[in-house]
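Take a look at the structure below.
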Amino acid sequence: MQHNTKIKVRGYHLDLYGHVNNARYLEFLEEARWNYFESRGDLPWFLQSGLALVVVNINIDYRYPATMGDELQIDTGVKSIGTRSAVMHQRVTLAGSGKLVAEADVTFAVFDAKQGKAVALDGKLKELLEQMLAEQA
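For the sequence shown, the residue numbers in the numbering used here are 7 to 143.
This is the structure in structure tokens:
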């Protein structure tokens, strides 16, 4: 099962045209990813590990303009896991209607702060991501 996060669109999220600015979606997507790890109880381990999931690529397709007062639902799940990176897929819909607003594939690598470099995706972190992927089935 994918994880979902709800965000209400506020006035400061809007651009001159009265809809959510494209850059705000990056913040919404990041909030949903943090929420996903936090809700599973994995965030404390992750923060202590010295590892960071560093975004290396984001592909976003914008489908429908969200406006002030809309409640957005962001569904987040693991799409694929490689040896050096993984991809999370996220869908933004209007809560209640399911109207697709945007969807994104977010690719990240694993950065080890102690070593100061990107490292292989393995060990407990890989197990965690594999568990997340299996739970979606």
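Glycine included, each C-beta is placed from N, C-alpha and C at the ideal position. Nothing here was measured: the structure is a model prediction, and the numbers come from that model.
- With contacts defined by Cβ atoms closer than 7 Å, Ala101 and Ile66 do not form a contacting pair.
- For Asn63, there is no enclosing alpha helix (DSSP H); the enclosing beta strand (DSSP E) covers residues 57-68.
- With respect to the 7 Å criterion, Val61 and Val98 are not classified as neighbours on the basis of their beta carbons.
- By the CB criterion at 7 Å, Val15 and Met74 fall inside the cutoff.
- C-alpha of Ser91 to C-alpha of Asp128: approximately 10 Å in a straight line.
- Shown here for Tyr42: same chain residues with a beta carbon closer than 7 Å to its own, the five before and five after excluded, namely His9, Thr82 in chain order.
- A direct Cα-Cα distance of roughly 24 Å separates Ala29 from Ser103.
- Counting only runs of 4 or more residues that sit fully inside the region 79-109, no alpha helix (DSSP H) segment turns up.
- Pairing Lys85 with Gly17, the inter-Cα distance amounts to about 32 Å.
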